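*Asks:* Using our numbering, you'd call the opening residue of the sequence shown number 6 and step up by one each time.
Handing you this structure, nothing more for now.
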Amino acid sequence: MDFSVSPKRKCCVHNCKDQFLPRHRFPNPKHYSELFKRWLMILRPRNYINYTDFEIYIYNTFRVCERHFEAHNIIAGSRRGLKYTAIPTLYLEEIPCSSKQADEILSCSQLNVEQFNLQVPEDESHKSKQEMEAEYGIEISGSSEQFNQEAPEDTLNKRTQPMEVNSVRVIKKRRLSLLKDVGVTRSSQLDPRANLLYKKLTTWSVKMARMARKITSYKIRLQKAQLCNSEGFQKIMSQVNNYTHQFILSQIRNQERALKCRRYTLEDKILALSLYKASGKGYRLLSKIFALPHPRTLSKLLQKIPLQPGINEIIFKSLQENIRGMKKDDKICILMFDEMSIDVNVYYNRHNDIIVGIEDFGHKRSSKLADHVNLFMLRGLHRQWRQPVSFTFSSGPVTCENLKYQLTEVIKNCLEIGLDVVATVCDQGASNQAAINSLIKDTREHFLREGQENRLFGFLVNNQEIVPFYDVPHLLKGIRNNLLNKDLHFVMNNKKGIASWKHIVKFHNLDSSEPTLRLCSKLTDEHVVPEKIKKMKVSYCTQVFSYTVGSLMMRLSKWGAHGQQFGCSLSNVVLQKEKMQGIRSSLHLKCNMCNETFKLDTSDASVNRDAVLAMMAIGSGFSHLEQVTSSLEIPCMSSRMYTALHDEVSEAWEETSLRTMKEAAEEEKQIALRNKDVDKNGVPCITQNQLRLRWAVCKAISFRKSEPIQFQEKVNNLKKDLGNCISHVFGEHKDCAALKYFCDAAPIAHGSVVTDLKHTDLHEKLESFINVLVHHARSLIHDVDSNIVEHFNSIIAKYIGGKRVNYTKKRSYQSRCAAAVVAHNTKQPLFTVKKYLSNGLTPKRYAIKAELRSIRRNNLKKQKPKKPKCRDKENDRTSNNKDYGDSCKKPDLNLEDYELAKQIFLENLHKSDHEIEKIERATQTQESCSLWYIERRKRLTASKFGDVCRRREYTSCKVLVDSIIYSKHFFSQACDYGKRNEKNAREAVEQVVGAKIQPCGLFIDSSHPFLAASPDGLIGDMGILEVKCPWSAREMTPEEGISKRKILFWSSKGEVNQNHKWYYQIQGQLHITRRQYCVFAAWTPKGLKTETILKDDQFWKTEMEEKLVSFYMKCLLPELVDPRKVRNMPIRDPDTILQAIENRKRKLQAESN
């Protein structure tokens, strides 16, 4: 639909719906009259004869799109875009036109406009006076005879004289033309009947114009509605979030309207308010591009929120709703409060019937004018969130009692809604200090009355300790401001001293006297000179009190105290030279009075070593260090010094990696001992036996290669050995003797590690690795591999890795491997190795802060859902490349190998009754248990029974197999809603049933071990529970959801729909769990509906069992045993489905013929 193109800009060719191609005018009739006639005869636009000077009207109004011209007539980039001789010839609708009509069109430009007569229709001339009055609703003067008699000839000629088209056009546009036609200028000059007719005519013309505007408006709205309901639009909207969807609909609705005609929903205003809060300047810029509410509209919206000074219940109720889903740590917060002066402004609020602008604390008001506001705000500690919760107005600074009352009330309300307030933060205002001291005093008196010792640092509110903190920037500024006017007396090393601001001014003057050798280049006059200090700048204050300034002033004060017998001072010390040692430099100074020398290092002694450590940490070398230092105008160390420091750092990396590995091994040992995962010697079994797997595989290969038998028998024996490898290595020795293995140990039926190993994710990973080896058993016997080529390529990669200086043979590779070990074990590699290099001393704060920030960022990334990365799939070998790596296309297993692998897979699925019961108990936490995922992954579960049983025989199984085996965990509102409310639904069912619902795990079918089910709970000894929380019916009762077809498990009459997939799931659960009935519950926040469903063995046998077994054996099992998708190949369809698809095609083709 075309919304933006006005009617004048549309193509005038009949039924042309183009919206985007360029438009072209008709030829100018004044200069190209013959060409204009030819265009007019070809296109024949509608209603062009009804206008005066229709040639000019057509030239100014009608357009033809570029679609109707041949390519050789189009001139791209020119002003007109067409050749002057161009004629539209393409995609023209055929309209029947007689030769007479064609002649009229060719001669129409020569016709006089007066030839177009407007006469009374013949059927109107025979109507009587009464008929005319009844039809038009007006009274006609004169008698009936006078009305019906024929008019005189001159009158008739006057009536039938042609009327100019210009007059008709003016009648439609201007009402005054009606009066001019009858020879008057005002309606008062008409006789009463004519005046009545004139009023009727003008009234209906206004109504017609209004209806025309409404029709046009409704057409546009209908077109927009059709656009929003179109399939393409809905498909695009399904890929955006709710806010984007809402914004797009708002733009479609308001973009073409005038500013005062735009209408916004409450959601639109709230979204705009969030944008306006982020940046007012940015919002003004966006308002010029998009249709957004005016700031005054947003201000009126905010005025509707009933906020009053003091405690606002609406804020705390909203806050309680928002924190309901927060974790416990995220609810820990601090309370910040501050005071600000405001201008006096008093006005009357007629909506609330109060006077605003006077002193108001919420619980009490006074008649004093308010000139200060006090604000309270909460801020999260673990999770960064902020929320203002209260404000008050006061006359002058708030008093101690009022602040104390307000502080305790805010904290009490925060604790009641579930927040954990642990501290307060404020500045050192007199009222703030007095209120906090009063609260601490009350707490101390409370403990005295109770006879207990006060061990708290803060004060108590509702038995919750609140620790008061003063804002650090204000503390620093307070120290600086006091030091400007007062001296600081201190005792250091049993010696009294005086610190004055003059000392800092003197140091600054001394440091700035040599601009080329400044040690504190950031200090300026605005930091030091009292008259120029910007007292509100916290950064200026912190730079003056920095560690660098303090250490240098201490060093200079010691130098100034030397040679007292000679009267030496700091002014006698002069610079002699500067000595460079790599990046580090030292200044050598000398006193010109006593010749005493001094040395000043510009940095720590370890700066060169730290630079080498930094280059190794980021994977760079000496050449990169040269580039960095040259860009910073810093002298660089020599390559010989870099090599020596590189060896020192490499030793530190290797030693640190050994220490961290020992610590990690000790930690794993303690965990294994705590979990009793040890062998008879007390050694952790997993760590010990994992290292023996490679040895066992190599031993099996060498053993089978040496056998004097046929080659194919060697391959088959090796496959069996590899399949038994896990059992052999972990001490079970299940088939070692039967296979005539190099190991002849007797099998252990119970008590081996393999039994426990199968309940972990590690066993499945080991099996996948062994299956790859089994598939390549023939290559293993032949010793066929690409190790030589890969080794040569790795050497080339090392030598052409971009290094100017090659350190491949100088421990760089080994040390970086050691650094990777340290990073993996400690997550703080630089901190750990720097601590080792400094003999156990803790590194400075910058190294600690940087790595803590890195750890914090990584933790936040883990919490957020991962976004899909855009990769170049053609060049990226880490992706599923069809021609490279493990995911490349490979041939399927041959029939013999497939049958062997299938047999082994099915044998592993088979479980005894004792094992089934053990797995059910171990997986009762379901989604929180790794064993639950492991056992489900290789079975067909009840949640998919409905999809399998209702599948048509001619439907491909590829999509269903893909969703079962390769389904990825995804987050959706419906899933999150169901998980959050499952507990509430279970509690509601317990009240209805009157019995405690027991948790349960994964049940495995004893007759078909590849089928499994996980009910939501067990009821007694014979019942199960299945709960559904439908997202589509979240805002209605279950009965309303059934009537509105949001819940399809029941029909509109309340009967259970046995063709629904939930019914198949329930019957499958009943059969697998061997129970007799199921309580099915549909829960919404507004109600609960339950249904007791009995076990139907006949339904299971006739509708489910055969289909499930056939689907698993023919569709699912081949992909589990010999997966194709991981090899970038399509999933198999069995022959029966392929034949059914082919028969379906033939049937449809026969019906169409």
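C-beta atoms are modelled at their ideal positions from N, C-alpha and C, and glycine is treated no differently.
Owing to the predicted nature of the structure, the values given are computational and were not obtained by experimental measurement.
What is the C-beta distance between N830 and T665, in whole angstroms, given that I count them as a contact (C-beta under 8 angstroms)?
*Replies:* 4 angstroms
*Asks:* Tell me, which residues are paired with S346 by DSSP?
*Replies:* H377
*Asks:* According to DSSP, simplified to helix, strand and coil, what is P393?
*Replies:* strand
*Asks:* What are the boundary residues of the alpha helix (DSSP H) that L528 is part of?
*Replies:* Run containing L528: none; DSSP gives neither H nor E here.
*Asks:* How many Å lie between R164 and G188 at the Cα?
*Replies:* Only weak support is given to the placement of R164: the predicted model assigns it a pLDDT of 31, under 50, and the question is left unresolved by the model.
*Asks:* Do you know whose CA, among Y37, E60, C16 and K42, lies nearest H73's CA?
*Replies:* C16
*Asks:* Using only the alpha-carbon positions, how far apart do C980 and G728 sit?
*Replies:* 40 angstroms
*Asks:* Enumerated in chain order, which unbroken segments of the beta strand (DSSP E) with a length of 3 residues or greater are wholly contained in the stretch 484-518?
*Replies:* 493-497 and 500-504
*Asks:* Work out the CA separation of V1114 and F1008 for me, nearest whole Å.
*Replies:* 17 angstroms
*Asks:* To the nearest angstrom, how far is it from the Cα of F474 to the Cα of I337?
*Replies:* 16 angstroms
*Asks:* Would you mind working out which of L297, I731 and R289 sits nearest K274, comparing C-alpha positions?
*Replies:* L297
*Asks:* Could you name the residues of the same chain whose beta carbon sits closer than 6 angstroms to that of D530, not counting the 5 residues immediately before and after it, in chain order?
*Replies:* K537
*Asks:* For S284, does the count of other Cβ atoms within 10 angstroms reach 16, so buried, or fall short, so exposed?
*Replies:* Around the beta-carbon of S284, fewer than 16 other beta-carbon atoms lie within 10 Å, marking it exposed.
*Asks:* Which partner residues of L945 appear in the DSSP bridge assignment?
*Replies:* L1016
*Asks:* Could you check how far apart the C-beta atoms of E995 and K1001 are, in whole angstroms? I think they sit under 8 angstroms.
*Replies:* 6 angstroms
*Asks:* Who are the Cβ neighbours of Q1003 in its own chain at under 7 angstroms, not counting the five residues just before and after it?
*Replies:* If we look at Q1003 and ignore the five residues flanking it on each side, its Cβ neighbours are G1022 and L1023.
*Asks:* On the DSSP letters alone, give me the boundaries of the alpha helix (DSSP H) that H733 sits inside.
*Replies:* C730 to V734
*Asks:* Using alpha carbons as the reference points, say which of P520, I241, M345 and A375 lies closest to V351.
*Replies:* A375
*Asks:* Just tell me which of K42, M341, A824 and A927 has its CA closest to the CA of I416.
*Replies:* M341
*Asks:* I'd like the list of long-range same chain contacts for A1038, defined as Cβ closer than 6 angstroms, with 5 residues on each side in sequence excluded.
*Replies:* Closer than 6 angstroms at Cβ, skipping near neighbours: G1046, K1051, I1052 and T1089.
*Asks:* Does the beta-carbon distance from A947 to A1018 come in below 8 angstroms?
*Replies:* yes
*Asks:* Look at the alpha carbon of R971 and the alpha carbon of G423, and state the distance between them as a whole number of angstroms.
*Replies:* Per the sequence presented here, residue 971 reads as Tyr, with Arg not at that position. Approximately 41 angstroms between the Cα atoms of the pair.
*Asks:* Pick from K1152, Y1069 and L1121: whose alpha carbon is nearest that of L1099?
*Replies:* The option with the nearest alpha carbon to L1099 is Y1069.
*Asks:* Are the CB atoms of Q411 and S395 nearer to each other than 8 angstroms?
*Replies:* yes
*Asks:* So Y1117 is in the alpha helix (DSSP H); what residue range does that whole segment cover?
*Replies:* No alpha helix (DSSP H) contains Y1117, which DSSP labels as neither H nor E.
*Asks:* For my contact list, K1066 and R956 are in at a C-beta cut-off of 8 angstroms; report their separation, rounded to the angstrom.
*Replies:* That belief does not hold up - the Cβ atoms of K1066 and R956 are roughly 11 angstroms apart, past 8 angstroms.
*Asks:* Which residue spans inside the stretch 25-64 form an unbroken beta strand (DSSP E) run of at least 3?
*Replies:* 28-30
*Asks:* Using only CA atoms, which one of L698, S611 and G456 lies nearest to S843?
*Replies:* Looking at the Cα atoms, S611 is the closest of the given residues.
*Asks:* Which residue marks the beginning of the beta strand (DSSP E) containing S255, and which one marks its end?
*Replies:* Here S255 belongs to no beta strand (DSSP E); instead the alpha helix (DSSP H) covers N247 to N259.
*Asks:* Could you have a look at F550 and say whether DSSP puts it in helix, strand or coil?
*Replies:* Coil, per DSSP.
*Asks:* Taking 8 angstroms as the cut-off, does the stretch 654-664 touch the stretch 600-611 (at least 3 CB pairs, one atom from each stretch)?
*Replies:* no
*Asks:* Check whether the Cβ atoms of K894 and R1132 lie closer than 8 angstroms to each other.
*Replies:* Taking 8 angstroms as the cut-off, the Cβ atoms of K894 and R1132 count as close.
*Asks:* Who does F464 pair with in a DSSP beta bridge?
*Replies:* I471
*Asks:* Residues in its own chain within less than 7 angstroms of I639 by CB, not counting five upstream and five downstream?
*Replies:* I588
*Asks:* Give the straight-line distance between the Cα atoms of L1122 and P1128, rounded to the nearest whole angstrom.
*Replies:* 9 angstroms
*Asks:* Any chance the stretch 776-790 sits against the stretch 716-728, with 3 or more Cβ pairs inside 8 angstroms?
*Replies:* yes
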